[in-house]
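Chains H and R are the protein sequences, given in the same order. Counting from 1, one number per residue, gives the positions in the first sequence under our numbering. Counting from 1001, one number per residue, gives the positions in the second sequence under our numbering. In what follows, a single structure is set out as structure tokens and then discussed.
2 protein chains.
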Amino acid sequence: MNLVKQKTDQAISILKELNIDIWLTYVRKTSEIHDPSLYFLMEDSWLTWQTVLIITKTGKKIVICGRYDVPNLEKMGVYDTIIGYDESIKTDLLKILDEIDPSSIAINYSIDNVAADGLTHGMWLRLNKFLEGTPYIERLISSEKLLAALRGRKIGLEIDKIKKAVEISENGHKKVTEFVKLGMSEEDIEKMLLKFTKENSVTVSYPPLIHVGPTTSIGHGKASSDIKVKKGDLINVDYGVFYEGYASDLQRMNYVLREGEVIPPKEVVRAFETVVKAITTSAEKLKPGMHGWEIDKIARDIVVKAGYKEFKHALGHQIGRNVHDSGCLLGPKWEKYGNSPLMLVEENQAFTLELHVYVENHGYASIEEDVLVTKDGCDFLSNRQLELSLLLL
Amino acid sequence: MNLVKQKTDQAISILKELNIDIWLTYVRKTSEIHDPSLYFLMEDSWLTWQTVLIITKTGKKIVICGRYDVPNLEKMGVYDTIIGYDESIKTDLLKILDEIDPSSIAINYSIDNVAADGLTHGMWLRLNKFLEGTPYIERLISSEKLLAALRGRKIGLEIDKIKKAVEISENGHKKVTEFVKLGMSEEDIEKMLLKFTKENSVTVSYPPLIHVGPTTSIGHGKASSDIKVKKGDLINVDYGVFYEGYASDLQRMNYVLREGEVIPPKEVVRAFETVVKAITTSAEKLKPGMHGWEIDKIARDIVVKAGYKEFKHALGHQIGRNVHDSGCLLGPKWEKYGNSPLMLVEENQAFTLELHVYVENHGYASIEEDVLVTKDGCDFLSNRQLELSLLLL
């Protein structure tokens, strides 16, 4: 059975669990604005005019769409009712709502969960105009809980794709250690990885980030053509791919030995060990029922107690259809993260575990692993980096 | 000067013209939801956390973004003020608004114009929470007028890219006439065009649509592997590409001669001539100051008077950063088109002119051309199809 069929079936069971009557996704011109949950409702196709996709608690799958999109939706074979319209979606929409008479309608908007927030404000205003004078206007709720469950709880097909994405990006990281030479720039490494990505018939799940030595620009900065590999540098590579629409996200840490060095300097080793320890300790506690912020705090405390500056991002985000999948976040309770650190970890969610410290004169010390939450713990999807990769160039 | 610099400068002059103090675009996780106007504000880069991009009537360009996105924005060299934050965007946002004290704030939402409607409803609610108790909450207006002007009025660089996109898609259409053989399926033709697209290092601006003979599924339907070219068929191909982010959108019409035929049947010729006449007559009237619906009506009336069924779409949409660019539409006053047919045609807008009629036993008779509005008329960007392409297979 294909993914869309399986995920829409899963949506039906989540609607039952949450006791929500229908999930209604309202979109238009999906080549301009692509609702992040559309992946679970459609294959690649574009929707041109305003379209409503409805999944009901009782197991119905209904689409109301522009007349010219009907043939594609029919070919997909997921929806049992497909209604094409010419001039306005309103009449058919109200007719379908009257037939179902749902007491709760989960709509595609959310304050905190970007993946559940595909409804634009203009479309919200349109929808409210359509529903004026009907009882349904009072029955709209956010689809964020539904979407957090649907995106978070990976089914077998999805886990397989993530595993494959992890495997390909691990090969890319390995290639870096073979490729890198003294005097190469951050940009040279980036280019090699983009070539590797293409050769493997995948796409990057985000622009690769290359951090070479102490002068690199930390964060989402573009690779520099001026910053070049020299002895004594830490080389951090942050690289992941999309395999059939599912993302990996991994960081590996390399150290370029200096003349006569056989082991890295003490401060580099201590940084590496601190990062590894923070990942190990937080992974040991990661299991269903924990709050996102509790896991983040474990790693954050280890870093701060070791005397390093606190990392200014979340310890772990979910991976899936997006490299930063929404819903429960292993992050601190900062305003920008909304309610996501307050959510509970669930079985079959896939998370990154990532953090960094900075080592004066050497650079950015950071590792990122990918894990899958199991019934009572978590499994690493990546082959963990437990030893610092030493480069003799 | 690069495109983003030129378009943000153009935005400043439009703000002056419309007497709007600032244009404020509020986005987050742009890999999940990509605001359609972001193209004019940023190069390829992704924005991870909540970000506000502000262009002021007085010529200031300001960004407030997550700390890790700062280096990329600095490298872009477009914004004179770049503020990085860690935990919440609110403080910096209110500070900047207090400094400017704008009396009108054009925000990225719109009921009718999808290209100006990038703000999700969740983000709208967040923004309103931030602005609670400030005077700014009453000063928010839709950015649709600003965006319609900015997207519609193409600058030289943009026109050049559209022309190149048109040229490449014309070559693709020519290739179809050389490639097609009896017994080939719609899917075969589609595959050839996708290969051609890749070979030309561009991407399709929409999935190519192939209509072969009388049994084809009309509209945005996927090409069929079962519908095969036979004598007496009309073959319509709808194919356009993105060249450096700018779209073309063209349809060409071919007829497969039957045994002994040297000219197509009368009904095919009449259909072809009706479509050509509708395009010619509407193009003659297309100029700045006309309403979109007036141009559509010219073509629609010709088709209906000739005794054909009315086409159930707009005569012409704009092309640009999207193949269906928003703003003024040459379309009928149907609810789904909102206010766009009521808008005025302006100089330097690029439109398609497209319509179809159906010919019993032969198929879909449709042509689509691309035009650029000039000071007092319009120029064809495509080499018009004025003769039916006859295939002797």
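For glycine and all other residues, C-beta sits at the position ideal for the given N, C-alpha and C. Quick caveat: nothing in here was measured; it's all calculated off a predicted structure.
Check your understanding: When DSSP builds the beta bridges, which residues end up paired with R:Trp1023?
Key -> Counting from one through the second sequence, the residue named residue 1023 of chain R turns up at place 23. According to DSSP, R:Trp1023 bridges with R:Ile1055, R:Ala1106.
**Study point:** Residues near R:Leu1388 in its chain [Cβ-Cβ closer than 8 Å; skip 5 each side]
**Key:** As a working mapping, residue 1388 of chain R is identified with position 388 in the second sequence. Closer than 8 Å at Cβ, skipping near neighbours: Met1253, Asn1254, Tyr1255, Pro1264, Val1268, Val1269, Phe1272.
Review point. Using a Cβ-Cβ distance under 9 Å, would R:Trp1334 count as near chain H?
Key: On the second sequence, residue 1334 of chain R is found 334 positions in, with the first residue counted as 1. Cβ-Cβ to chain H under 9 Å: yes for R:Trp1334.
Exercise for review: Inspect the CB distances between the region 1157–1174 of chain R and the region 1240–1250 of chain R and report whether three or more fall short of 8 Å.
Suggested key: yes
**Study point:** Separation of R:Glu1199 from R:Asn1072, as counted between CA atoms
**Key:** Locating residue 1072 of chain R in the second sequence gives position 72, where the first residue counts as 1. Locating residue 1199 of chain R in the second sequence gives position 199, where the first residue counts as 1. Each residue's alpha carbon lies about 31 Å from the other.
Review point. For H:Leu193, which option in H:Leu182, H:Ile210, H:Gly183 has the closest C-alpha, if you only look at C-alpha atoms?
Key: Here residue 193 of chain H refers to the residue found at position 193 of the first sequence. That would be H:Ile210, whose Cα lies nearest to the Cα of H:Leu193.
Check your understanding: Which residues, taken in chain order from the region 1104–1125 of chain R, show a beta carbon closer than 9 Å to some beta carbon of chain H?
Key -> Ile1107, Asn1108, Tyr1109, Ser1110, Ile1111, Asp1112, Asn1113, Val1114, Ala1115, Ala1116, Asp1117, Gly1118, Leu1119, Thr1120, His1121, Gly1122, Met1123, Trp1124, Leu1125
Practice item. Quick one: which residues of the region 1081–1094 of chain R get their C-beta closer than 7 Å to a C-beta of chain H? List them in chain order. Key: Asp1086, Glu1087, Ser1088, Ile1089, Lys1090
Review point. Which class does H:Thr352 belong to by DSSP, given the choice of helix, strand or coil?
Key: Position 352 of the first sequence, counting from 1, holds the residue named residue 352 of chain H. If DSSP states are grouped into helix, strand and coil, H:Thr352 belongs with the strands.
Practice item. Tell me, please, whether the CB atom of R:Lys1222 is closer than 9 Å to any CB atom in chain H? Key: Here residue 1222 of chain R corresponds to residue number 222 of the second sequence, with the count starting at 1. With 9 Å as the cut-off, R:Lys1222 counts as an interface residue toward chain H.
Review point. Under 9 Å, do H:Val4 and R:Ile1033 count as touching if we go by C-beta distance?
Key: Locating residue 4 of chain H in the first sequence gives position 4, counting from the first residue. Locating residue 1033 of chain R in the second sequence gives position 33, counting from the first residue. Contact: no.
Review point. Taking the C-alpha atoms as reference points, what is the distance between R:Ser1143 and H:Val212?
Key: Working through the second sequence from its first residue, we reach residue 1143 of chain R at position 143. Working through the first sequence from its first residue, we reach residue 212 of chain H at position 212. R:Ser1143 and H:Val212: Cα-Cα distance of roughly 42 Å.
Point to revise | 7 Å Cβ cut-off: residues of chain R touching H:Ser217 | key: Looking up residue 217 of chain H in the first sequence gives position 217. Ordered by position in chain R, the residues that pass the 7 Å Cβ test against H:Ser217 are Pro1071.
Point to revise | R:His1356 vs R:Asp1233 beta-carbon contact at 9 Å | key: As a first step, residue 1356 of chain R is located in the second sequence; it is residue number 356 there, counting from the start. As a first step, residue 1233 of chain R is located in the second sequence; it is residue number 233 there, counting from the start. No, the Cβ-Cβ distance between R:His1356 and R:Asp1233 is not below 9 Å.
Check your understanding: Does the beta carbon of H:His211 sit closer than 9 Å to a beta carbon anywhere in chain R?
Key -> Here residue 211 of chain H corresponds to residue number 211 of the first sequence, with the count starting at 1. So, not an interface residue.
Practice item. Buried or exposed for H:Ser217, please, with buried defined as at least 16 other CB atoms from any protein chain shown within 10 angstroms of its CB. Key: Numbered from its first residue, the first sequence carries residue 217 of chain H at position 217. With 16 or more Cβ atoms within 10 Å of its Cβ, H:Ser217 is classed as buried.
Exercise for review: Kindly say whether H:Gln251, judged by its beta-carbon, lies nearer than 9 Å to any beta-carbon of chain R.
Suggested key: Residue numbering aside, residue 251 of chain H sits at position 251 when the first sequence is read from its first letter. No, because no Cβ of chain R sits closer than 9 Å to the Cβ of H:Gln251.
Exercise for review: May I have a chain-ordered list of the alpha helix (DSSP H) segments no shorter than 4 residues that lie completely inside the region 58–127 of chain H?
Suggested key: 70–76, 90–100
Check your understanding: From this set, H:Gln251, H:Lys309, H:Tyr68, H:Val345, which residue's C-alpha is nearest H:Ser326's C-alpha?
Key -> Numbered from 1 along the first sequence, position 326 holds the residue referred to as residue 326 of chain H. Of the candidates H:Gln251, H:Lys309, H:Tyr68, H:Val345, the one whose C-alpha sits nearest the C-alpha of H:Ser326 is H:Val345.
Exercise for review: Could you work out which residues of chain H lie near R:His1324, taking near to mean beta carbons separated by less than 9 Å?
Suggested key: Residue numbering aside, residue 1324 of chain R sits at position 324 when the second sequence is read from its first letter. Correct list: Lys29, Ser31, Glu32, Thr48.
**Study point:** Cα-Cα separation, R:Ala1247 to R:Val1052
**Key:** Translated into positions along the second sequence, residue 1247 of chain R becomes position 247. Translated into positions along the second sequence, residue 1052 of chain R becomes position 52. Near 28 Å, if we compare the C-alpha coordinates of R:Val1052 and R:Ala1247.
Review point. At what residues does the beta strand (DSSP E) containing H:Ala365 begin and finish?
Key: By one-based count along the first sequence, residue 365 of chain H stands at place 365. Note, H:Ala365: beta strand (DSSP E), 363–373.
Exercise for review: With DSSP as the reference, label H:Asp296 as helix, strand or coil.
Suggested key: In the first sequence, the residue the question calls residue 296 of chain H occupies position 296. Note: H:Asp296 maps to helix in three-state DSSP.
**Study point:** Segment limits, beta strand (DSSP E) that includes H:Gln50
**Key:** Stepping through the first sequence from its first residue, residue 50 of chain H is reached at position 50. H:Gln50 -> no beta strand (DSSP E), and no H or E assigned at all.
Practice item. Given a cut-off of 9 Å, decide if H:Gly316 and H:Leu330 are closer than it, judged by their beta-carbon atoms. Key: Numbered from its first residue, the first sequence carries residue 330 of chain H at position 330. Numbered from its first residue, the first sequence carries residue 316 of chain H at position 316. Yes, they are a contact pair.
Practice item. Consider the Cβ of H:Gly59: report whether some Cβ of chain R lies at a distance smaller than 9 Å. Key: Locating residue 59 of chain H in the first sequence gives position 59, where the first residue counts as 1. Output row for H:Gly59: interface = no.
Check your understanding: Enumerated in chain order, which unbroken segments of the alpha helix (DSSP H) with a length of 4 residues or greater are wholly contained in the region 234–321 of chain H?
Key -> 266–285, 292–305
Check your understanding: Is the region 76–88 of chain H touching the region 100–107 of chain H, taking contact as three or more C-beta pairs under 8 Å?
Key -> no
Exercise for review: Sort H:Pro214, H:Ser201, H:Thr215, H:Phe196 by Cα distance to H:Pro208 and report the nearest one.
Suggested key: Here residue 208 of chain H is taken as the residue at index 208 of the first sequence, counted from 1. Among H:Pro214, H:Ser201, H:Thr215, H:Phe196, the Cα nearest to that of H:Pro208 belongs to H:Phe196.
Check your understanding: Helix or strand or just coil, what does DSSP make of H:Thr134?
Key -> Within the first sequence, the letter at position 134 stands for residue 134 of chain H. The answer is coil: DSSP assigns H:Thr134 none of H, G, I, E or B.
Check your understanding: Interface residues of chain R around H:Lys309 at Cβ under 7 Å?
Key -> Locating residue 309 of chain H in the first sequence gives position 309, counting from the first residue. Those do not exist, as H:Lys309 stays about 12 Å from chain R at its closest Cβ, beyond 7 Å.
**Study point:** Residue-level contact to chain R via CB, H:Ser169, 9 Å cutoff
**Key:** Within the first sequence, numbered from 1, the residue matching residue 169 of chain H stands at position 169. Cβ-Cβ to chain R under 9 Å: no for H:Ser169.
**Study point:** Proximity below 9 Å, CB of H:Asn108 to CB of H:Leu119
**Key:** What you label residue 108 of chain H is simply residue 108 of the first sequence in a count that begins at 1. What you label residue 119 of chain H is simply residue 119 of the first sequence in a count that begins at 1. In contact: H:Asn108 and H:Leu119 (Cβ atoms closer than 9 Å).
Check your understanding: Out of curiosity, what's the CA-to-CA distance linking H:Asp86 and H:Gly66?
Key -> Locating residue 86 of chain H in the first sequence gives position 86, where the first residue counts as 1. Locating residue 66 of chain H in the first sequence gives position 66, where the first residue counts as 1. Spanning the two alpha carbons is a distance of roughly 6 Å.
Practice item. Pull out every residue of the region 1190–1207 of chain R whose Cβ sits closer than 8 Å to any Cβ of chain H, in chain order. Key: Tyr1206, Pro1207
Point to revise | Chain-ordered chain R contacts of H:Lys75 [CB-CB under 7 Å] | key: Your numbering for residue 75 of chain H matches position 75 in the first sequence. Within chain R, the residues near H:Lys75 are Lys1222.
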